[in-house]
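The next block holds one structure in the form of structure tokens; read it before the comments.
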Amino acid sequence: MALQSVKKLLTDAYKNGYGVAAINVFNYESIKWAVQAAEREQMPILIQFYPGYLKFISFEQVSQIAKTLIRDTTVPIGLHQDHSATYELALQGMKGGFPSVMIDKSTSPFEENVAVTAEVVKAAHAMGIEVEGELGHVGSANNLDDFKNPNHFTAVEDAVNFVEQTNVDSLAVAVGNAHGPYIATPELDFKRISELRAALDIPIVLHGCSDIPTDQLQKSVELGISKYNIATEWDRHFYNTLKKQMETGGRNAHYPNLLAIEEQMIEFVQSKIKILNPNNVKYVK
Ligand SMILES: [Zn+2]
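If you want this note's numbering, it's the position in the sequence shown, counting the first as 1, plus 3.
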């Protein structure tokens, strides 16, 4: 099945009662693991690339590997560029073959966030590319105030205005979530999620989904969040699994150790796909 529009994939998700895992990939193997998990579960997934890894692999390399692997799947898969901090970086991702990009100016004042996001959207839409914006800054999970203080959460009225003024295709929101390992158990603001879902007619995105308790993730799926960014937990699972394999898998052949953890890495992604599908919805092709 061909590469799927991220907006369509996410809209189908909230209308049919499941969430889509966005897996942060970093090389050929990680893309393959995520794609195989989607294939086994027969549910959509998003291959997502964080530009922080650009010194190791280029936008072109990621997009070409992903498109090659996606071409042979029987379920729809999207390809998305995570967190562009600048207009220029978002355009580099588009040039590098990404059909969907994020522009994140959420630490800037509202007007500046609107202005830069709208410019990215204008350029992107001219080329048939989709854009995720962010409003209400998703901060750091090692700063309690970032995810416990409702003053930092996305205001519903601002979100409506932001979407109207920028024409973004999806919106990342702050509703008690944050990036990285949480120093205290997060508590998602379900009332805010419901209000945002009722007020917006585009998919809603949750960043910082690692270690959010399963019951909270599943309730947020039922309230209509579509996209779930998973990086910290995936990275930790990769480290722990590879470390164990290196200790037990033989000294003189380290590259095969990377290949040997394939099954555990695929199973991790499968477990996330299952969590985000609490009602066991079957994807209809
Ligand atoms: Zn993020």
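Backbone N, C-alpha and C define an ideal beta-carbon position, used for all residues, glycine too.
_At a threshold of 7 angstroms, does N116 count as lining ligand 2 (C-beta to nearest heavy atom)?_
This structure simply doesn't include ligand 2; it includes ligand 1 instead.
*Taking Cβ to Cβ, would you say I186 is nearer than 8 angstroms to N145?*
Locating residue 186 in the sequence shown gives position 183, counting from the first residue. Locating residue 145 in the sequence shown gives position 142, counting from the first residue. Yes, they are a contact pair.
*Quick one, are the C-beta atoms of F101 and L82 less than 8 angstroms apart?*
What you label residue 101 is simply residue 98 of the sequence shown in a count that begins at 1. What you label residue 82 is simply residue 79 of the sequence shown in a count that begins at 1. Yes, the Cβ-Cβ distance between F101 and L82 is below 8 angstroms.
*Buried/exposed call for G55, threshold 16 Cβ in 10 Å*: Sequence index remark: in the sequence shown, residue 55 carries index 52 (1-based). With fewer than 16 Cβ atoms within 10 Å of its Cβ, G55 is classed as exposed.
*Please find out if some non-hydrogen atom of ligand 1 comes closer than 7 angstroms to the beta-carbon of V178.*
For the purposes of this step, residue 178 is taken as residue 175 along the sequence shown, with counting starting at 1. For ligand 1, not one heavy atom lies less than 7 angstroms from the Cβ of V178.
*Please classify F52: does DSSP put it in a helix, a strand, or coil?*
Sequence index remark: in the sequence shown, residue 52 carries index 49 (1-based). Note: F52 maps to strand in three-state DSSP.
_ligand 1 and H83: does the residue's C-beta get closer than 7 angstroms to at least one heavy atom of that ligand?_
Against the sequence shown, residue 83 aligns to sequence position 80. No - ligand 1 has no heavy atom lying nearer than 7 angstroms to the Cβ of H83.
*Which class does K222 belong to by DSSP, given the choice of helix, strand or coil?*
Residue numbering aside, residue 222 sits at position 219 when the sequence shown is read from its first letter. DSSP places K222 in helix when its eight states are reduced to three.
_I need the boundaries of the alpha helix (DSSP H) containing M105, first residue and last residue._
Numbered from its first residue, the sequence shown carries residue 105 at position 102. That residue, M105, is in no alpha helix (DSSP H); its beta strand (DSSP E) goes 103 to 106.
*Any beta strand (DSSP E) of 3 or more consecutive residues that is wholly inside the region 93 to 148*: 103 to 106, 133 to 138
_Please report the straight-line C-alpha distance between Y286 and I80, rounded to a whole angstrom._
Along the sequence shown, read from residue 1 onward, the residue named residue 286 stands at position 283. Along the sequence shown, read from residue 1 onward, the residue named residue 80 stands at position 77. Taking the straight line joining both Cα atoms gives about 12 angstroms.
*In the DSSP assignment, what residue or residues form a beta bridge with Q84?*
For this step, residue 84 is matched to residue 81 along the sequence shown. F52, V104, per the DSSP bridge assignment.
_Among the candidates L209, V224, A69, P189, whose CA atom is the shortest distance from the CA of K277?_
Position 274 of the sequence shown holds residue 277. Checking every option, the nearest Cα to that of K277 belongs to V224.
*Selected residue, minimal CA-CA separation from H240, among V23, A69, S274, L174*: Taking the sequence shown and counting its residues from 1, one reaches residue 240 at position 237. Of the candidates V23, A69, S274, L174, the one whose C-alpha sits nearest the C-alpha of H240 is S274.
*Keeping to the same chain, check which residues put their C-beta closer than 7 angstroms to that of A69; ignore five residues upstream and five downstream.*
The sequence position of residue 69 within the sequence shown is 66, counting from 1. Cβ neighbours of A69 beyond the five flanking positions: I34, I50, L82.
_Using CA atoms only, rank isn't needed, just tell me which of S197, G211, D107 is closest to F165._
Against the sequence shown, residue 165 aligns to sequence position 162. Per the Cα distances, D107.
*Could you give the DSSP three-state label for K18: helix, strand or coil?*
Indexing the sequence shown from 1 puts residue 18 at position 15. Three-state result, K18: helix.
*Per DSSP, A25 is paired with what?*
Your numbering for residue 25 matches position 22 in the sequence shown. L49, N232, per the DSSP bridge assignment.
*asked:* Could you check whether the Cβ of V159 sits closer than 7 angstroms to any heavy atom belonging to ligand 1?
replied: Here the question's residue 159 lines up with position 156 in the sequence shown. No, Cβ of V159 sits at least 7 angstroms from all heavy atoms of ligand 1.
*What's the gap between the Cα of M97 and the Cα of G131?*
Working through the sequence shown from its first residue, we reach residue 97 at position 94. Working through the sequence shown from its first residue, we reach residue 131 at position 128. Roughly 10 angstroms separates the two Cα atoms.
*Kindly give me the distance between the Cβ atoms of S229 and P206, rounded to whole angstroms, as I take these residues to be in contact under 8 angstroms.*
As a first step, residue 229 must be located in the sequence shown, where it is residue number 226. As a first step, residue 206 must be located in the sequence shown, where it is residue number 203. Confirmed, about 4 angstroms.
*Between P112 and chain C, is there a C-beta pair that is closer than 8 angstroms?*
In the structure shown, chain C cannot be found, because there is only a single protein chain.
*So which residues touch the region around ligand 1, with touch meaning a C-beta under 6 angstroms from any heavy atom?*
H86, V141, H182, H210, N232
*Does DSSP classify A162 as helix, strand or coil?*
Here residue 162 is taken as the residue at index 159 of the sequence shown, counted from 1. Of the three classes helix, strand and coil, the one that applies to A162 here is helix, per DSSP.
_Mapping the DSSP letters down to three states, classify I207 as helix, strand or coil._
On the sequence shown, position 204 is the one that residue 207 refers to. Here I207 sits in strand by DSSP.
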